[in-house]
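Asks:
4 protein chains.
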Amino acid sequence: MPDRTTHPRSLRARESVLCATKELLAEGGLTAATVDAIAARSGVSKATIYKHWPSRTAIAAEAFGREMAAAIPLPDTGSARGDLAEQVRRVSRFYSGEHGKVFAQLLAASVTDPQAAPYFREYFLDARRRAIAELWQRATDRDEVRPGITAGTATDVLFGPLIFRLLTGHAPLSEEEADALSSAALDGLLR
Amino acid sequence: MPDRTTHPRSLRARESVLCATKELLAEGGLTAATVDAIAARSGVSKATIYKHWPSRTAIAAEAFGREMAAAIPLPDTGSARGDLAEQVRRVSRFYSGEHGKVFAQLLAASVTDPQAAPYFREYFLDARRRAIAELWQRATDRDEVRPGITAGTATDVLFGPLIFRLLTGHAPLSEEEADALSSAALDGLLR
Amino acid sequence: MPDRTTHPRSLRARESVLCATKELLAEGGLTAATVDAIAARSGVSKATIYKHWPSRTAIAAEAFGREMAAAIPLPDTGSARGDLAEQVRRVSRFYSGEHGKVFAQLLAASVTDPQAAPYFREYFLDARRRAIAELWQRATDRDEVRPGITAGTATDVLFGPLIFRLLTGHAPLSEEEADALSSAALDGLLR
Amino acid sequence: MPDRTTHPRSLRARESVLCATKELLAEGGLTAATVDAIAARSGVSKATIYKHWPSRTAIAAEAFGREMAAAIPLPDTGSARGDLAEQVRRVSRFYSGEHGKVFAQLLAASVTDPQAAPYFREYFLDARRRAIAELWQRATDRDEVRPGITAGTATDVLFGPLIFRLLTGHAPLSEEEADALSSAALDGLLR
DNA sequence: CTGTAACCGAGACGGTACGTCATGTCTTAGG
DNA sequence: CCTAAGACATGACGTACCGTCTCGGTTACAG
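Protein chains in written order, with the UniProt record's numbering: chain V, 1 to 191; chain X, 1 to 191; chain S, 1 to 191; chain E, 1 to 191.
1. In three-state terms, what does DSSP make of V35/S?
2. In angstroms, rounded to a whole number, what distance separates the CA positions of L11/S and A154/E?
3. Strictly below 8 Å CB to CB, what residues from chain V border A165/X?
4. Measuring only the C-alpha atoms, how far is A133/X from L181/X?
5. Ignore the nearest five residues each way along the sequence and tell me which others in G43/X's own chain have a CB closer than 7 Å to its CB.
6. From the DSSP output, in three-state form, read off L190/X for me.
7. What are the uninterrupted segments assigned as alpha helix (DSSP H) that are 4 or more residues long and contained completely in the UniProt domain "HTH tetR-type" (11-71) of chain V, given in chain order?
8. Pick helix, strand or coil for S182/S, following the three-state DSSP scheme.
9. What residues of chain X sit near R121/V, judged by a beta carbon separation below 8 Å?
10. Are any of the Cβ atoms in chain E nearer than 7 Å to that of L18/S?
11. How many angstroms separate the CA atom of T112/V from the CA atom of M68/E?
12. First and last residue of the alpha helix (DSSP H) that includes S79/S?
13. Applying the 10 Å Cβ sphere with the 16-neighbour rule, what's the burial state of R129/V?
14. Considering only residues of the same chain and omitting the five flanking positions on each side of P147/E, which have a CB-CB separation below 6 Å?
15. Could you run through the stretch 80-98 of chain S and flag, in chain order, every residue whose CB is less than 7 Å away from some CB of chain E?
16. Should S55/E and A116/E be called a contact, given that it needs their Cβ atoms to be closer than 7 Å?
17. Comparing the C-beta of L189/E with each C-beta of chain S, is any distance below 7 Å?
18. What residues in its chain sit with their C-beta under 6 Å from that of A185/V, if we drop five residues either side in the sequence?
19. What do you get for G97/S, buried or exposed, if any count of 16 or more other CB atoms within 10 angstroms of its CB means buried?
20. Write down every uninterrupted run of the beta strand (DSSP E) in the stretch 141-176 of chain E whose length is 3 residues or greater and which is fully enclosed by it, in chain order.
21. Rounded to the nearest angstrom, how far is the Cβ of E144/V from that of A80/V, given a contact under 8 Å?
22. Would you grab the beta carbon distance between I38/V and A20/V for me? Rounded to a whole angstrom, and I think it's under 8 Å.
23. If we define contact as Cβ-Cβ less than 7 Å, is M1/E a contact residue for chain S?
24. Does any CB atom of chain S fall closer than 7 Å to the CB of I149/E?
25. With 7 Å as the threshold, decide whether the Cβ of T34/S is near any Cβ in chain E.
26. Buried or exposed: where does residue 211/X fall if 16 or more other Cβ atoms within 10 Å of its Cβ makes it buried?
27. What in chain X is Cβ-close to T153/V, meaning under 7 Å?
28. Which residues bound the alpha helix (DSSP H) around Y119/E?
29. Find out if the Cβ-Cβ distance for the pair A104/V, L173/V is shorter than 7 Å.
30. Alpha carbon to alpha carbon, how far is F164/X from F94/X? Give it in angstroms, no decimals.
31. List the residues of chain X that V111/V touches, going by C-beta distances under 7 Å, in chain order.
32. Note down, in chain order, every chain S residue with its Cβ under 9 Å from the Cβ of L74/E.
33. Taking CB distances under 7 Å as the criterion, tell me whether L125/V reaches chain X.
34. Grab the span of the alpha helix (DSSP H) containing F103/S for me, first residue to last.
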């Protein structure tokens, strides 16, 4: 976890590193975001980098996650079903774009690198899950959900399929496919 | 893809390599299945190995996939819903065990290593998907499925959530959770 | 040493190999004359090649030596001094050309590869030494030589410097230099 | 060329490598001085080694050359002829010993490996040539040399024959032979 | 304003694995 | 029987990136 040092120099270093990493990720994916490359471009030394993050994957997760934080705003269509379907569509679109590749690489790297997993979770999953939980709460309040289904279950049933496809590439991530998936899933989740 | 040479020496080499890899995977996961380690244990030289497979991940995918091929037999409970729920339970159990870790590493590695992806697909996804497609066909024949839902969609909605949890570890893969997921999913997939 | 098999197939194989090697040497020096390359170009299998020669260097020595056999004809200027000086000039010219590089590589390889040394000696040194010995005999007959100097000594004093320069490249192999060397050497060898 | 970094860590690494290489050369000749072996024995990683030297031959040249630097002290017999003859005898003795084999391997390797040639030249030839040039200067000062003969020519005529014999092994390097060669050569070089 | 202690950049380093290359041996099938 | 074709073990190569470390110079803050 970031130690959020408040020393001004530390702050500057953190900022430079995250910015450089963001650029490198955009240019060549996770492969290009070598620690050496990050150090070279950011002007921050490797020693300093390792004082702030436990591994390269962690840096990448934070850099990319920060950038993506507001990339997918929560929809508000008036109905829970509409909101959730729209959210699936948006996430699918995000995954199928250039960013999707980096996201997949990051997720894959987090499997291998246990030190980075918390970063990935913090900067990607938690925010996303909280967002969905909010939509789910709305739906619950409107009494649209089937009884006994938790927000966690709903999230996994709705977005797990997208992740699955993103990682294996066994099926497309088009809008139609996203709708088909969300439609099937929502039939089981909502009344 | 394997060239399935029928040359007897090639066969022996292939066999040794896959067997050694299987052992290494069992002992230390994908990390331990180094090309050097595989070469050392199998008695097959690195040069020969690289004549048969494009990368270490490809070897591991084939070795592990072959072993896992019959690990999850198709259930036959009499009803489509029962079959699919049971299959989700079995896959979940598989993922949550020791093998699950290796499977996750393999899936993650396939994201990074494009040369290995086809191997992973061939030895894991395709067989599994065919199995599900068969169950789905049974269900269709019994007129239990909701109209317009393809076997592919069903597969992803049922198993995507498991994969999602396996990779991120954000939620457990217990039997109860598996049932909760399959129950919600099946409500949307079947009549 | 070549076993000079007289079986017609063996002869054809030998011929093909030597010819292919000659071409490869001309194109890319000793480096290019890989056993695999020789086998591929000659259409003779590696097993057969190794039945006729003990190592790649041996093949190259024979192939190149055969070609170079008549490359430097013995001069006949009328005087021993003239003949020897001219011979030094010719050998120097040979060394400084494209062939010189290959010759140097071959000599170098023979140092490392003891199996090839006899081949190198047979196809290069012996013929050359015999030629010089002949010139030396002529000189002796004409009573031009200083007493007590053998043909062997003369050969080494005359040509050793050229070889030295060829190998280390520390000094040029121009005609002037050759004349300077032969002049100095001959002053010590002849009356 | 060595970068002669004054960084203390670099110095330590350089020293370890050269020392380990020296030992390996003594034990098994150039063949034994593998980069892997050097790295293993010196405790310096291969990556670091390749940061300091362009090739294994270069390391060997420096390590061996440094050791041999003072192995052949310049004689001072009072006369130029005596000095030079004695020097030829000493060099011949050096070549004919155990070190001679390594020297020959090194010279041969420098032919093949152009990156190592400068190292070989720097650590062997240049020092040696400078030494001879000094003797030659003494001789010139005493007015013992024939006119028009440079130190370079003298060096090659005196030592080329030894190198020639060392490499091809076509004739012995005994003391008598050395004297015969130097005698013949000096008759042509000095008054 | 200045001393001093923390901090930093630069980058060398050991380590581990990678994927490639050429050698010389050995096997198989075919003429 | 000898061959072409080529698979194989061996062993070294040179490269990449990781994460640690050492060094000497800066910076920031306290006295």
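Ideal Cβ positions, reconstructed from N, Cα and C, are used throughout, including at glycine.
Replies: In terms of the structure at hand:
1. Of the three classes helix, strand and coil, the one that applies to V35/S here is helix, per DSSP.
2. Straight through space, the alpha carbons of A154/E and L11/S are spaced by roughly 48 Å.
3. Going by the sequence as given, residue 165/X is Arg instead of Ala. Simply D156 and G160.
4. Approximately 19 Å between the Cα atoms of the pair.
5. In its chain, beyond the 5 residues on either side, S16 have a beta carbon closer than 7 Å to the beta carbon of G43/X.
6. Assigned with DSSP and collapsed to three states, L190/X falls in strand.
7. For the UniProt domain "HTH tetR-type" (11-71) of chain V, the continuous alpha helix (DSSP H) assignments of 4+ residues that do not extend past its boundaries occur at 35-42, 46-52 and 56-68, in sequence order.
8. Three-state DSSP puts S182/S in a helix.
9. Under the 8 Å cutoff, chain X gives T168 and H170.
10. So, not an interface residue.
11. T112/V and M68/E: Cα-Cα distance of roughly 52 Å.
12. Counting along the chain, S79/S sits inside no alpha helix (DSSP H), nor does DSSP assign it H or E at all.
13. By the 10 Å Cβ count, R129/V comes out buried.
14. Counting only Cβ-Cβ distances below 6 Å, and skipping sequence neighbours, we find nothing.
15. Those residues of the stretch 80-98 of chain S that come within reach of chain E (Cβ to Cβ, closer than 7 Å) do not exist; the list is empty.
16. A contact, by the Cβ cut-off of 7 Å.
17. By this cut-off, L189/E is an interface position.
18. Excluding five sequence positions before and after A185/V, the CB atoms of its chain that fall closer than 6 Å to its own CB belong to V157 and L158, given in chain order.
19. Per the 10 Å Cβ criterion, exposed.
20. The beta strand (DSSP E) runs of length 3 or more contained entirely in the stretch 141-176 of chain E do not exist; there are none.
21. Yes, they are in contact, since the Cβ atoms of E144/V and A80/V sit about 4 Å apart, within 8 Å.
22. 5 Å between Cβ atoms; contact.
23. Its pLDDT being 41, under 50, M1/E is placed unreliably in this model, and the coordinates cannot settle the point.
24. Closer than 7 Å: yes.
25. Output row for T34/S: interface = no.
26. Because chain X in this structure spans residues 1 to 191, residue 211/X falls outside the shown range and cannot be described.
27. Listed along the chain, the chain X residues whose CB falls inside 7 Å of the CB of T153/V are A180, L181 and A184.
28. Per DSSP, Y119/E belongs to the alpha helix (DSSP H) from A117 to F120.
29. In this structure, L173/V does not lie closer than 7 Å to A104/V by Cβ.
30. The straight-line gap from Cα to Cα measures roughly 14 Å.
31. Simply A104, Q105, A108 and L167.
32. Residues of chain S passing the Cβ test: none, with the nearest at roughly 20 Å.
33. Output row for L125/V: interface = yes.
34. E98 to T112 is the span of the alpha helix (DSSP H), which, as asked, contains F103/S.
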